[in-house]
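All letters in the sequence shown, in the order written, are residues 1 to 487 by full-length UniProt numbering.
Glycine residues also receive a C-beta, built at the ideal position from the N, C-alpha and C atoms.
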Amino acid sequence: MASTAGTAPGAPGETAVADVAIRPGMTPPGMAPDDSSDHPPPPPADAGLSASGPPPGHDQDRTETHPRSAPSGPQIKGWLPLLLGFLTAVGPVSTDIYLPAFPDLERSFHSGTGSASMTLSAWMIGLALGQITMGPLSDRYGRRIPMLLGMVGYTVGSVGCAISTNIWEMCAFRLIAAISASSGIVIPSACVRDLSTGNASAKLMSKLILIQGVVPILAPMLGGLALSVVSWRAIFWASAIYGLLCCVLLWSIFPETLGRENRRELHPVHLIHRYLGIATTRSFLSNGLIWGFCGFLSFTYLTAAPTVFEHIFHLSPFHYGILFGVFAVCMIGASQINGMLVGHVEAPTMLTYALGFVVFGTLCLLAASIYSVEVTRHGHFAPILMLPIIICMMLALGPTGVIGPNAMVGALSEQSQYAGSASALAGTWQYALGSLASGIIGMLPAETPVPMAALMLFGAFAMLFFAFLRPKSETLPTPDPSVATPH
């Protein structure tokens, strides 16, 4: 889950990736120049893929770590999108897998009904805070080391959750795990921007959406199934093992995608100016808020759906997990359609059509929810009332698989110098708005699906509103036949 101004491939001698008008070394429109850096302007777009190190005479900052060399040549290794997707999936998996355990968790801690939702709020707050710091750190120290340290912190936080003795300890460790796990959410998107631009970037981003979506399909089902055999604590021990595996992969095979010559100094005042500059760039503001309200819509569903389907429609946790998987398949299928259409249909056009489907789906969802309330009020409740709600939710949630990658590519299209910071800011907006949605859902009555549908409709209209604020000339270049496409 675009705007790229350039159209021509790189000059001879450059790595063959789609070129853009805002080249490395240039200050994107609306952004203050980074006058803290005493590095010369970085070379063209192949710098993040070069294994040759900085150019002769380059005065390298002594504090920089020595990165691994990224894949050489114009081709992106086929396993790299899989690895990036596996790292990005840490966030969705850790959000979804323990949702069926909420009642058991509350009983274990002898806390009140609904108290487990505080751990989800702590998780989302941590993701929002973590991303806004991890992005700049990755722009300063490279992508690999911040991600590795983040996965170490996530592993420690997951172990802490597994051994927690009360709800407040659980919230604290979830916060630690989330801040750390945010490195695996924001930095892979910046890696995509390091390796490709334009339609190639949209195609690679779609692959990330696919990989990060496959595991969460199984997560709630596995969580519900595990609860019939083991304690909820085993879920967090499994999360710790996942984090440890990420650490091993990052240490052993993950390449550095940001060359040392493209890194930026890290100063608080300049960082604030950088974020203000990014946020006031029209392409970022519009697409970033589309991405943010996509999170608002998704977290509304994520928070409300267990109550709607388990308490109102009486599904078991395991059967709700299966239904969750159906919705995820819709999103993944839409993401793959998006990937196939890249190069044939402009990304901003696909984004516009996807937003139309979301608005239509949420309108139908609200109508179906109101109808189910009216029928139930007259004493005619039947499980069949759930079917139109499920169909409408598929219409509303599926297109988010198109919105996500295209909105993110549009947000990053003019941020070649600060891809990590821009990706972090967009992610912060997404999880901040998602946390707001969860809080609102918690305050609304839970006897009907109407509050969920109404809030999802609000998120859809908010995305549509910001779509009209995108630059009128927003387009993505059609890839040149000589341009390498990720595969």
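Count the other C-beta atoms from every protein chain shown that fall within 10 angstroms of the C-beta of residue i, then say buried if there are 16 or more, exposed otherwise.
i           : result
residue 428 : buried
residue 228 : exposed
residue 468 : exposed
residue 353 : exposed
residue 248 : exposed
residue 107 : exposed
residue 98  : buried
residue 126 : buried
residue 441 : buried
residue 271 : buried
residue 88  : buried
residue 165 : exposed
residue 63  : Below a pLDDT of 50, predicted positions are generally treated as unreliable, and residue 63, at 39, falls in that range; the measurement from the model is reported next regardless. Under this definition residue 63 is an exposed residue.
residue 361 : buried
residue 317 : buried
residue 400 : buried
residue 367 : exposed
residue 339 : buried
residue 221 : buried
residue 241 : exposed
residue 112 : exposed
residue 93  : buried
residue 95  : buried
residue 35  : Residue placement at residue 35 cannot be trusted, given a pLDDT of 38 that sits under 50; what the coordinates show is reported in the next sentence. Answer is exposed; the Cβ neighbour count stays below 16.
residue 280 : exposed
residue 315 : buried
residue 251 : exposed
Note down the Cα distance separating residue i from residue j, rounded to an integer number of angstroms.
i           : j           : result
residue 359 : residue 225 : 34 Å
residue 424 : residue 187 : 8 Å
residue 551 : residue 223 : Missing from the structure shown is residue 551; the chain here goes from 1 to 487 and no further.
residue 306 : residue 179 : 25 Å
residue 232 : residue 465 : 41 Å
residue 472 : residue 194 : 26 Å
residue 80  : residue 327 : 26 Å
residue 284 : residue 219 : 32 Å
residue 388 : residue 144 : 46 Å
residue 508 : residue 410 : With the chain running from 1 to 487 in the structure shown, residue 508 is simply not present.
residue 132 : residue 162 : 27 Å
residue 412 : residue 348 : 13 Å
residue 385 : residue 372 : 6 Å
residue 431 : residue 438 : 10 Å
residue 355 : residue 169 : 40 Å
residue 239 : residue 374 : 43 Å
residue 446 : residue 263 : 49 Å
residue 253 : residue 146 : 15 Å
residue 136 : residue 84  : 19 Å
residue 40  : residue 278 : Caution applies to residue 40, whose pLDDT of 42 falls short of 50 and renders its modelled position unreliable; the value that the coordinates give is listed next. About 22 Å.
residue 255 : residue 189 : 15 Å
residue 461 : residue 300 : 14 Å
residue 426 : residue 419 : 11 Å
residue 266 : residue 156 : 27 Å
residue 333 : residue 184 : 23 Å
Write down the C-beta distance between residue i and residue j rounded to the nearest angstrom, noting that I regard them as a contact closer than 8 Å.
i           : j           : result
residue 296 : residue 91  : About 16 Å separates the two Cβ atoms, so there is no contact after all.
residue 118 : residue 171 : 6 Å
residue 294 : residue 407 : 7 Å
residue 192 : residue 204 : 5 Å
residue 369 : residue 257 : Contact flag wrong, Cβ pair sits at about 45 Å.
residue 182 : residue 243 : Not quite, the Cβ-Cβ distance comes to about 13 Å (not below 8 Å), so this is no contact.
residue 403 : residue 351 : 6 Å
residue 488 : residue 122 : Beyond the ends of the chain as shown, which are 1 and 487, falls residue 488; an answer cannot be given.
Can you name the start and end residues of the alpha helix (DSSP H) that residue i belongs to?
i           : result
residue 233 : 233 to 252
residue 325 : 317 to 341
residue 270 : 268 to 279
residue 184 : 167 to 195
residue 308 : Premise fails: residue 308 is in no alpha helix (DSSP H) and is neither H nor E.
residue 492 : An answer regarding residue 492 cannot be provided, because it is not within the stretch 1 to 487 covered by the chain.
residue 461 : 450 to 467
residue 230 : Taken as a continuous stretch (DSSP letters only), residue 230 belongs to no alpha helix (DSSP H), as it is neither H nor E.
residue 400 : 400 to 412
residue 388 : 386 to 397
Jot down the residue ranges of each uninterrupted alpha helix (DSSP H) in the segment 103 to 146, minimum 4 residues, whole runs only, in chain order.
117 to 141
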